[in-house]
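> One structure is given below, represented as structure tokens, and several questions about it will come after.
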Amino acid sequence: MRVMLELPNDPDLREAYRAALSGPPAGMSGLRLRLSRAIDLGGMPFAIVSLPSLTRGFRPGARYAEILGTAPRSAEERLPSLVFSLEVEEPAALERLVAAARAVPGARAGIDLPVAAFDSWCPGRDRPPLFHAREAALALIRAPALVAHAPPLRGEGVNVVMVDLGLSADAVSAFAPEASLVGAWTVPQGAQPQWSSAPGDAPFDGHGAMVSRNLLSLAPAVRLFDFPLLPDRVDEVVGWTSWAYTALQRVRLDIEGLLAPVFPGPWVLCNAWGIYDRRQEGVRPDHPANYTGNPAHPLNALVAELDSVAGLDQVFAAGNGGQFCPHPLCGPGDTGPGNSILGANSHGAVLTVGAVRADGMWIGYSSQGPGQPGFREAGAPFSAKPDLCAPSHFAEAGDAAALSTGTSAACGLVAGAVAALRGAGSPCAALSPAGLREHLRARARRPPDAAAGFDLRYGHGVLDLEAALKVP
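Quick note: the sequence shown uses full-length UniProt numbering, first residue 1, plus one each step.
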């Protein structure tokens, strides 16, 4: 069983952590010794399998290197905690670890589950394999209303962090020359996780490029910040919730200490990834270490803080576990109504996006609500997820090989819509993140085959940008 352990960022522990990241076996031995002093594990056997903290640094692109060179740097000392991904025996070891964490102020423990991008393809299930092109997809959500607005809403002055598989600078400039790819958080080779990245060096036709195309189709003038949560096109590599936690923790730290002073304005996080399979979780939803159904898990608690404290708009894909065409990665009990929108994607502090075709028909792989019961709002009978739907499963008019699929594509469109609606001159610009989520749900267009009230497939309906611009 893999578990994430979060401990306060003590100077001695941080020094040992940094030494272990440098690679020599002595460094890892020293870290194990320091860890045993920081928390009483009672001789419990464990293996340190990943050290996701202290591995990320923001690297600006050449255009912004001089500007950010004079900005105050976010120091590692400002990180509130250090995260360890441990392999432990199950299930008694997990209980002991949770109890030990409770005895240390500021420490927490939770299940560490694999995460992956929410792209999708259903061979032989749909005829034609893709339905329509981008023009029809944008027409469905009444996107022309953004450009027709006075002033036109194109995302100027809005900052978007793409937490994905990495962006392609060439793809961004080809699709939206006005957009600025400011830089990327990089992972030095030799650290854990082990891969290298640089601003904008992901594949031209990769998952990140696809999601960014959709975002830029609605907000072509945004400033993009690339956070490659996973390497694109590396076989048999999965991410973990511990990686996602430290990623979002670092994003928040660098926005507050490094980036916001130089790039003021709203911040939007686009998250087209999540959980496919809960089998490795092994604990009930009300267990304190549970991730997929427990709002107190460290990652879910951080998502709540990013909303209520940091004031960031967070957009998540619902997932590709729909009952009629689930992704092959889905666990046997992780498809269909109530079982396929999991963890942070089910959180009330985010905008959760399902997928429809460009003609508005719900796509059978789009994860269905309700969300997990632990995330329902006070007084609500259930967790009303997804919030709404947006188009997916379409191609570019000038390039039939440039496909947009999965709830990832729909997530990119809605993140672009949020960025456009956050721009100067928008009637929605002053809404809080919670206020904007409620506004978009209230203005969503209900399909003819949707249930009255909340629909398990469509949520509150299909994104409607013309209606969204009408604010009381």
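Idealized CB from N, CA, C, for every residue including glycine.
Do the region 401-418 and the region 197-217 meet, that is, are 3 or more Cβ pairs less than 8 Å apart?
Counting Cβ pairs under 8 Å, three or more are found: they touch.
> For the alpha helix (DSSP H) containing M44, list its first residue and its last residue.
As a working mapping, residue 44 is identified with position 44 in the sequence shown. That residue, M44, is in no alpha helix (DSSP H); it is neither H nor E in DSSP.
> Determine the direct distance from the alpha carbon of G338 to that of G379, and round the result to whole angstroms.
As a position in the sequence shown, residue 379 is number 379, starting the count at 1. As a position in the sequence shown, residue 338 is number 338, starting the count at 1. Rounded to the nearest angstrom, the two C-alpha atoms are 19 Å apart.
> Just the Cα atoms here: how many angstroms apart are A272 and P151?
Position 272 of the sequence shown, counted from the first residue, corresponds to residue 272. Position 151 of the sequence shown, counted from the first residue, corresponds to residue 151. Roughly 30 Å between the two C-alpha positions.
> Among residues of its own chain, excluding the 5 on either side of A221, which ones have a beta-carbon nearer than 7 Å to its beta-carbon?
The sequence position of residue 221 within the sequence shown is 221, counting from 1. Here the set comprises R154, G155, E156, E178 and A179.
> Between R252, F118 and D112, which has its C-alpha nearest L94's C-alpha?
Position 94 of the sequence shown, counting from 1, holds the residue named residue 94. Of the candidates R252, F118 and D112, the one whose C-alpha sits nearest the C-alpha of L94 is D112.
> Hey, how far is the Cα of Q372 from the Cα of H287?
As a working mapping, residue 372 is identified with position 372 in the sequence shown. As a working mapping, residue 287 is identified with position 287 in the sequence shown. The straight-line gap from Cα to Cα measures roughly 14 Å.
> Excluding the 5 residues flanking A20 on each side, which residues of the same chain have their C-beta closer than 8 Å to its C-beta?
Position 20 of the sequence shown, counted from the start, is the residue given in the question as residue 20. Excluding residues within five positions, the ones whose Cβ falls inside 8 Å are G27, M28, G30, L31, I48 and L51.
> Check for me: the alpha helix (DSSP H) holding G246 runs from which residue to which?
Residue numbering aside, residue 246 sits at position 246 when the sequence shown is read from its first letter. Gly is not the amino acid found at residue 246; the sequence shown has Thr there. Where T246 is concerned, the enclosing alpha helix (DSSP H) stretches over T241 to D254.
> Check the DSSP bridge columns for P337 and list the partner residues they point to.
As a first step, residue 337 is located in the sequence shown; it is residue number 337 there, counting from the start. BP columns for P337 are empty, so no partner.
> Our contact map puts L54 next to Y17 with C-beta atoms below 8 Å; I'd like the distance itself, whole angstroms only.
Start at 1 with the first residue of the sequence shown, and residue 54 comes out as number 54. Start at 1 with the first residue of the sequence shown, and residue 17 comes out as number 17. 6 Å between Cβ atoms; contact.
> Under three-state DSSP, which class holds C411?
Within the sequence shown, residue 411 is the residue found at index 411, counting from 1. Here C411 sits in helix by DSSP.
> Specify, as a first and last residue, the run of the alpha helix (DSSP H) that D12 falls within.
For this step, residue 12 is matched to residue 12 along the sequence shown. Start and end: P11 to L21.
> Under the DSSP definition of a beta bridge, which residues are partnered with A355?
Position 355 of the sequence shown, counting from 1, holds the residue named residue 355. Paired residue(s): A390.
> Can you name, in chain order, every residue of its own chain whose Cβ lies under 7 Å from the Cβ of P123, other than the five neighbours on each side?
Taking the sequence shown and counting its residues from 1, the one referred to as residue 123 is at position 123. Its pLDDT being 49, under 50, P123 is placed unreliably in this model, and the coordinates cannot settle the point.
> How is I111 classed by DSSP in three states: helix, strand or coil?
The count along the sequence shown starts at 1 and reaches residue 111 at position 111. If DSSP states are grouped into helix, strand and coil, I111 belongs with the strands.
> Mind checking whether A136 and A358 have CB atoms under 8 Å apart?
Indexing the sequence shown from 1 puts residue 136 at position 136. Indexing the sequence shown from 1 puts residue 358 at position 358. In contact: A136 and A358 (Cβ atoms closer than 8 Å).
> Output yes or no for whether 8 Å exceeds the beta carbon distance between V88 and E6.
Numbered from 1 along the sequence shown, position 88 holds the residue referred to as residue 88. Numbered from 1 along the sequence shown, position 6 holds the residue referred to as residue 6. No, Cβ-Cβ distance for V88 and E6 is not below 8 Å.
> Which same chain residues end up closer than 7 Å to L13 when comparing Cβ atoms and leaving out the 5 residues on each side of it in sequence?
Along the sequence shown, read from residue 1 onward, the residue named residue 13 stands at position 13. Answer for L13: L7, R34, A38 and L82, listed in chain order.
> Which term fits A400, buried or exposed, when burial requires 16 or more other beta carbons within 10 angstroms of its beta carbon?
The count along the sequence shown starts at 1 and reaches residue 400 at position 400. It is exposed - the Cβ of A400 has fewer than 16 other Cβ atoms within 10 Å.
> Whose CA, out of Y365, D387 and L440, lies closest to the CA of C325?
Counting from one through the sequence shown, the residue named residue 325 turns up at place 325. The shortest C-alpha separation from C325 is found at Y365.
> Please classify G239: is it buried, with 16 or more other beta-carbons within 10 angstroms of its beta-carbon, or exposed?
As a first step, residue 239 must be located in the sequence shown, where it is residue number 239. It counts as buried.
> Report buried or exposed for K470, applying the criterion of at least 16 other Cβ atoms within 10 angstroms of its Cβ.
In the sequence shown, counting from the first residue as 1, residue 470 sits at position 470. K470 comes out exposed.
> According to the Cβ coordinates, are L140 and V462 closer than 8 Å?
To locate residue 140, count along the sequence shown from 1; it is residue 140. To locate residue 462, count along the sequence shown from 1; it is residue 462. A contact, by the Cβ cut-off of 8 Å.
> I need the straight-line Cα distance from P45 to A289, nearest angstrom please.
Start at 1 with the first residue of the sequence shown, and residue 45 comes out as number 45. Start at 1 with the first residue of the sequence shown, and residue 289 comes out as number 289. Cα to Cα, the separation comes out at about 18 Å.
> Out of curiosity, what's the CA-to-CA distance linking H149 and P11?
Within the sequence shown, numbered from 1, the residue matching residue 149 stands at position 149. Within the sequence shown, numbered from 1, the residue matching residue 11 stands at position 11. Approximately 52 Å, taken between the alpha carbons.
> Quick test of your reading: L181 and L224, contact by CB under 8 Å. State the CB separation rounded to the nearest angstrom.
Along the sequence shown, one-based indexing puts residue 181 at 181. Along the sequence shown, one-based indexing puts residue 224 at 224. Their Cβ separation, rounded to whole angstroms, is 5 Å, which keeps L181 and L224 in contact under 8 Å.
> Distance, Cα to Cα, L421 vs A109?
Here residue 421 refers to the residue found at position 421 when the sequence shown is read from its first residue. Here residue 109 refers to the residue found at position 109 when the sequence shown is read from its first residue. Cα-Cα distance, rounded: 37 Å.
> Given that a residue counts as buried once 16 or more other Cβ atoms are within 10 Å of its Cβ, and exposed if not, what is A65?
To locate residue 65, count along the sequence shown from 1; it is residue 65. Result: exposed.
> First and last residue of the alpha helix (DSSP H) that includes R96?
As a working mapping, residue 96 is identified with position 96 in the sequence shown. Per DSSP, R96 belongs to the alpha helix (DSSP H) from A92 to R102.
> Does DSSP put S212 in a helix, a strand or coil?
One-based indexing of the sequence shown puts residue 212 at position 212. Three-state result, S212: helix.
> Rank V315, D455 and G61 by C-alpha distance to the C-alpha of P433 and give the top, closest one.
Locating residue 433 in the sequence shown gives position 433, where the first residue counts as 1. Looking at the Cα atoms, V315 is the closest of the given residues.
> Does at least one heavy atom of the ligand PLP sit under 7 Å from the Cβ of S217?
Absent from the structure shown: the ligand PLP. Ligands present: none.
> Grab me the residues of L230's own chain with a C-beta within less than 6 Å of its C-beta, minus the 5 sequence neighbours each way, in chain order.
Locating residue 230 in the sequence shown gives position 230, where the first residue counts as 1. Here the set comprises L165 and G239.
> Can you find at least 3 beta carbon pairs, one from the region 336-350 and one from the region 270-285, that sit closer than 8 Å?
These segments touch.
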